[in-house]
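Structure first, commentary second.
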Amino acid sequence: MPADTDNRPKGKSLRPLRELVPFIRPYTRVVLLAAVALLVGAGALLGLPIALRYVIDYGIAARDPATINQYFVGLFVVALLFGLFAALRLYLVTWLGERVVADIRKAVYARVLRMDPTFFEVTQTGEVLSRLTTDTTLIQSIAGTGVSIALRNVIQLVGALVMLAITSPRLMGMILLLIPAVVVPLIVIGRRVRGLSRDAQDKVATTSGLAGETLNAVQTVQAFTLEEFQVGRFGEAVQASFRAAARRAKAGALLTGTSIVALFGAITFVLWVGAHAVLAGEITGGQLGQFLLYAMFVAGSAASLSEVWSEVQRAAGAMERLAELLTASPRITVPAQPASLPARREGRIVFEQVSFSYPSRPGSAALRDFSLEIRPGEKVAFVGPSGAGKTTTFQLLMRFYDLAGGRILVDGVDIATVRPEDVRQRIGVVPQETVVFAASARDNIRYGRTGATDAEIEAAATAAAADEFIRKLPEGYDTFLGERGTRLSGGQKQRIAIARALLKDPPVLLLDEATSALDAESERLVQEALEYLEKDRTTIIIAHRLATVLKADRIVVMNEGRIEDIGRHEDLVRRNPLYARLAELQFGEARAADAA
Ligand SMILES: Nc1ncnc2c1ncn2[C@@H]1O[C@H](COP(=O)(O)OP(=O)(O)OP(=O)(O)O)[C@@H](O)[C@H]1O
Ligand SMILES: [Mg+2]
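Right, dumping it as structure tokens:
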């Protein structure tokens with residue numbers, strides 16, 4: 002992904018850049034060293050014109066070869082010093098920029114990864130990603146090179162102006178009048194060029210967006226015979242991007258022409274006045290040479306500073322967005338002195354008059370007055386129509402949200418009083434859709450418990466009926482299960498998830514049964530693996546299969562955030578019309594109702 006740094010909004014003020022201080026502080030020594038290099042380098046540069054003046058006045062004018070040699074050696078030493086310290090400074094500041102950005106990236110990622118679901122409902126992951134890449138790149142250029150360029154040019158500008166005043170106050174006055182005449186038009190045209198560049202980039206982005214969209218759906222395009230139409234659309238976009246690029250080129254050419262004419266015009270003018278001053282005996286030839294060099298330094302620094310300024314503003318904007326992420330804190334509150342769960346991991350769960358609504362929908366309750374006690378080792382199935390609140394109970398049990406009312410106890414302790422990590426340690430989840438990470442099969446299972454040995458992983462895979470298919474993969478357990486790499490079937494993914502849960506070995510198991518049907522053989526393997534996993538564990542299953550509800554100790558019928566009924570399948574089919582209908586629809590078991 003190219004870092005589209007030009008399009009990021011600028012900061013309104015430079016204050017956010019203060020947030021950089023804690024990231025730079027650990028490297029104070031590098032900063033000091035760079036500052037020394039900067040000062041020595043700038044000093045050497047400012048000494049250059051003086052050396053030139055002596056070469057002219059005492060060497061060339063006096064026709065004395067020995068003096069000329071001496072001064073040229075001096076000149077070379079100055080150049081050597083300047084080059085050496087410029088290299089040192091460049092290395093140090095680039096290092097600093099990269100280091101600071103690496104630290105910021107880590108800090109932002111660590112922060113974002115700990116945020117609760119509410120945060121991700123309002124912040125799009127794409128936005129987080131673009132802050133991690135584009136905004137940090139902007140900071141990188143400012144934290145290192147930007148600051149150093151700015152400082153170097155400020156020193157150069159001030160130093161050169163002082164030296165100009167010392168060399169010839171009259172000529173210096175003239176320069177001060179000329180600078181705005183040269184710099185202002187350049188800044189104005191430069192701004193226009195930047196604006197047009199952005200426009201050209203936008204247009205290019207539009208064309209690739211258009212192409213990407215249609216290429217991804219090329220079969221749909223062909224099926225509707227839209228080729229002609231899409232080619233036309235793309236042609237228009239390409240033409241628009243060409244026109245924008247041409248406009249930019251025109252402005253760029255104008256900028257180059259103007260800057261050459263303005264700069265050389267000004268230099269010629271100063272030279273002309275200076276030459277007359279030499280003739281009139283007001284200054285020496287050497288002083289004129291010295292003066293000219295200083296004047297060029299002044300112009301160069303002024304131009305660089307105007308460049309860097311807009312970069313600094315953009316970096317301020319970037320830092321503001323990063324600081325937002327860095328200071329974000331999860332909504333769920335953890336007490337200052339968190340309680341601890343009892344050492345005995347029983348897996349007892351109590352919902353006590355729980356009521357809850359999602360932060361994004363404060364008006365509608367997802368759970369109301371929800372009370373349920375689950376004994377250690379019990380198997381409970383949740384059944385209910387879509388939107389009944391089944392998944393919500395899992396979210397709350399894992400403490401992704403805070404309750405509006407009531408309590409949830411795990412092993413006798415209110416989960417609001419302990420650290421969320423401690424609660425989640427006791428809970429294993431087998432989700433509807435297993436997430437496979439871009440890692441080897443082995444490491445994918447290791448997500449269940451990062452400290453697990455290879456032998457433990459293979460044992461878990463065997464128990465989850467996953468060992469056989471993993472060994473048949475091209476590189477066995479080391480096969481990379483990338484997004485676009487080896488594809489696993491639905492049943493295989495579920496068994497990976499089961500192996501993960503086995504490795505974690507939690508006292509409580511939450512199972513969101515997949516709605517999509519597996520083929521009979523796959524289904525049998527998954528069911529066997531699950532049976533092994535559920536043994537001796539408290540299990541809550543969001544059930545979509547008849548087999549599951551039949552073997553559950555209790556079935557909880559949910560509707561609109563409430564518990565409607567609790568019982569066993571045969572009783573519920575008979576006495577609860579909602580359950581009877583669900584059984585018929587979801588389990589495809591019309592006969593079940595008849596049989597009861
Ligand atoms: N993140 C969320 N933000 C706002 N509302 C939500 C969120 N997640 C769920 N809801 C709402 O809360 C209610 C309960 O949703 P929940 O996901 O618990 O239902 P469910 O019983 O799991 O349904 P399904 O069987 O379709 O998975 C629904 O009205 C749903 O629209
Ligand atoms: Mg659900």
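Under our numbering, residues 2 to 597 are what the sequence shown spells out, in order.
Beta carbons: idealized from backbone N, C-alpha and C, even for Gly.
If you follow the alpha helix (DSSP H) that Met297 is part of, which residue opens it and which one closes it?
-> Residues Gly286 to Leu327.
In its own chain, which residues sit with a C-beta less than 8 Å from the C-beta of Arg546, not counting the 5 before and 5 after it?
-> The answer, listed in chain order, is Glu514 and Phe588.
Beta carbon of Pro432: closer than 7 Å to some heavy atom of ligand 1?
-> At a threshold of 7 Å, Pro432 does not count as near ligand 1, since its beta carbon sits no closer than that to any of the ligand's heavy atoms.
For ligand 1, which residues have a Cβ under 5 Å from at least one heavy atom, in chain order?
-> That query returns the following residues: Tyr359, Ser361, Arg362, Ala367, Ser387, Gly388, Ala389, Gly390, Lys391, Thr392 and Thr393.
Segment limits, alpha helix (DSSP H) that includes Met164 = Met164 -> alpha helix (DSSP H) spans Val148 to Thr168.
Name the DSSP beta bridge partners of Asn560, please?
-> BP columns for Asn560 point to Arg563.
Grab the span of the beta strand (DSSP E) containing Val509 for me, first residue to last.
-> Taken as a continuous stretch (DSSP letters only), the beta strand (DSSP E) holding Val509 covers Val509 to Asp513.
For ligand 2, is there a heavy atom less than 7 Å away from the beta-carbon of Ile567?
-> No; taking the cut-off as 7 Å, the Cβ of Ile567 has no heavy atom of ligand 2 nearer than that.
What do you get for Phe270, buried or exposed, if any count of 16 or more other CB atoms within 10 angstroms of its CB means buried?
-> Phe270 comes out exposed.
Compute every distance between the C-beta of Ile543 and the non-hydrogen atoms of ligand 2, then say whether any falls below 7 Å.
-> Under cutoff, so the answer is yes.
Buried or exposed by the 16-neighbour rule on C-beta atoms within 10 Å, applied to Ala319 = It is buried - the Cβ of Ala319 has at least 16 other Cβ atoms within 10 Å.
Separation of Gly286 from Leu280, as counted between CA atoms = Spanning the two alpha carbons is a distance of roughly 9 Å.
Coarse secondary structure for Gly644, derived from DSSP in three states = The requested residue 644 does not occur in the structure, where the chain is confined to residues 2 to 597.
Go ahead and pull the three-state DSSP assignment for Arg546.
-> Arg546: coil per DSSP, three-state reduction.
What is the DSSP secondary structure of Val184, reduced to helix, strand or coil?
-> Val184 falls in the helix class under three-state DSSP.
DSSP three-state assignment for Gly486, whether helix, strand or coil | Low local confidence applies: a pLDDT of 47 at Gly486 is under 50, so the model's placement there is unreliable, with the coordinate-based value given in what follows. Coil at Gly486, not helix or strand.
Taking all protein chains shown into account, do 16 or more other C-beta atoms lie within 10 angstroms of the C-beta of Gly486, making it buried, or fewer, making it exposed?
-> In this prediction, Gly486 scores a pLDDT of 47, lower than 50, which makes its location untrustworthy; no coordinate-derived value is stated.
Quick one: using the 10 Å Cβ neighbour count with 16 as the cut-off for buried, is Leu512 buried or exposed?
-> Classification of Leu512: buried, given that the 10 Å Cβ count is 16 or more.
Hey, out of Met173, Pro343 and Asp468, whose CA is closest to Val414's CA?
-> Ranking Met173, Pro343 and Asp468 by Cα distance to Val414 puts Pro343 first.
Anyone know if the C-beta pair for Val113 and Leu323 falls short of 8 Å?
-> No.
Paired residues, beta bridge with Thr540 - DSSP = Partner(s): Lys380 and Leu510.
Simplified DSSP assignment, three categories, for Ala521 = Helix at Ala521.
Going by other Cβ atoms of all chains shown within 10 Å of its Cβ, with 16 needed for buried, is Val183 buried or exposed?
-> By the neighbour-count definition (other C-beta atoms within 10 Å, threshold 16), Val183 is a buried residue.
Alpha helix (DSSP H) runs contained entirely in the segment 457-505, provided each spans 4 or more residues | Counting only runs of 4 or more residues that sit fully inside the segment 457-505, the alpha helix (DSSP H) segments are 468-473 and 491-505, in chain order.
Tyr478 versus Gln231 - alpha carbon distance | Their backbone Cα atoms lie some 45 Å apart in a straight line.
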